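Data block below; observations after.
In my numbering, the protein residues as written are -2 to 214.
Structure below.
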């Protein structure tokens, strides 16, 4: 759940007007465990493209902890104002954004072309399946991309990994019929078609996973 603080923020240097600073408890959950995986997975990366930065809490936590790379935080244009306050407050030299990016829209911003790694959290179950498919088609076309790290809940062989995930999925589909917890096998097929192989399936607390793909050489 995202809540807004009482703090309000002015427009940034690009003229993007920020809304009240928002907070997502989901972004704080497991962030240290996620970072431990990213430190290994992105050890040789130079530029990370984050899809669906949301409030920006992940970006401001991960970027300073990974000073060897540039972190590009992206969001849909309608949500960028929510991301801005956290990024502006962080004042982190290797953190950039929010950059407007809609996975279903073309073209993607030029900044995406420089990415050799991708991170996204709690997005695949929010997107429609057609948007998930479009995401992987676009990732296949990014020339430098070598690593994918995707975090969230997933099903295996069509089965939930916990009762809480089953309840969460029911809530998702009541909220939006296009949203759903995705099957790992279906996502893996998209990744394979995009030229990536599953390198590791990391189990994280609270029935979440972090799937790490490497591009086939």
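By construction, the Cβ of each residue, glycine as well, lies at the ideal position given by its N, Cα and C atoms. Predicted, not measured: the structure shown is a model, and the values here were computed from it.
What's the gap between the Cα of residue i and the Cα of residue j?
i: residue 187; j: residue 121; result: 12 Å
i: residue 200; j: residue 146; result: 13 Å
i: residue 207; j: residue 181; result: 11 Å
i: residue 210; j: residue 176; result: 23 Å
i: residue 106; j: residue 96; result: 8 Å
i: residue 53; j: residue 77; result: 9 Å
i: residue 152; j: residue 172; result: 19 Å
i: residue 109; j: residue 139; result: 7 Å
i: residue 8; j: residue 75; result: Any reading at residue 8 must be qualified, since the residue scores a pLDDT of 46, below 50, and its modelled position is unreliable; the value itself is stated next. Cα to Cα, the separation comes out at about 15 Å.
i: residue 34; j: residue 196; result: 12 Å
i: residue 99; j: residue 51; result: 13 Å
i: residue 214; j: residue 137; result: 13 Å
i: residue 178; j: residue 123; result: 8 Å
i: residue 127; j: residue 19; result: 28 Å
i: residue 148; j: residue 49; result: 12 Å
i: residue 198; j: residue 168; result: 25 Å
i: residue 174; j: residue 22; result: 24 Å
i: residue 84; j: residue 154; result: 38 Å
i: residue 162; j: residue 40; result: 31 Å
i: residue 156; j: residue 166; result: 12 Å
i: residue 63; j: residue 36; result: 7 Å
i: residue 65; j: residue 30; result: 19 Å
i: residue 183; j: residue 102; result: 22 Å
i: residue 226; j: residue 94; result: This structure cannot settle anything about residue 226, because the visible part of the chain is limited to -2 through 214.
i: residue 79; j: residue 104; result: 23 Å
i: residue 185; j: residue 170; result: 22 Å
i: residue 160; j: residue 125; result: 23 Å
Give me the DSSP bridge partner(s) of residue i.
i: residue 68; result: 45, 92
i: residue 55; result: According to DSSP, residue 55 bridges with nothing at all.
i: residue 117; result: 48, 147
i: residue 209; result: 146, 197
i: residue 97; result: 72
Do residue i and residue j have their C-beta atoms closer together than 7 Å?
i: residue 150; j: residue 27; result: no
i: residue 87; j: residue 57; result: yes
i: residue 144; j: residue 38; result: yes
i: residue 158; j: residue 204; result: yes
i: residue 61; j: residue 89; result: yes
i: residue 116; j: residue 190; result: no
i: residue 92; j: residue 112; result: no
i: residue 212; j: residue 193; result: yes
i: residue 118; j: residue 42; result: no
i: residue 59; j: residue 81; result: no
Inter-stretch contact (C-beta, 8 Å, three-pair minimum) for the region 56 to 72 and the region 122 to 137 = Contact between the region 56 to 72 and the region 122 to 137 is absent: fewer than three C-beta pairs spanning the two stretches fall below 8 Å.
Please go through the region 122 to 199 and give each complete alpha helix (DSSP H) segment of 4 or more residues, from N-terminal end onward.
-> Runs of the alpha helix (DSSP H) inside the region 122 to 199: 126 to 137, 160 to 172, 181 to 190.
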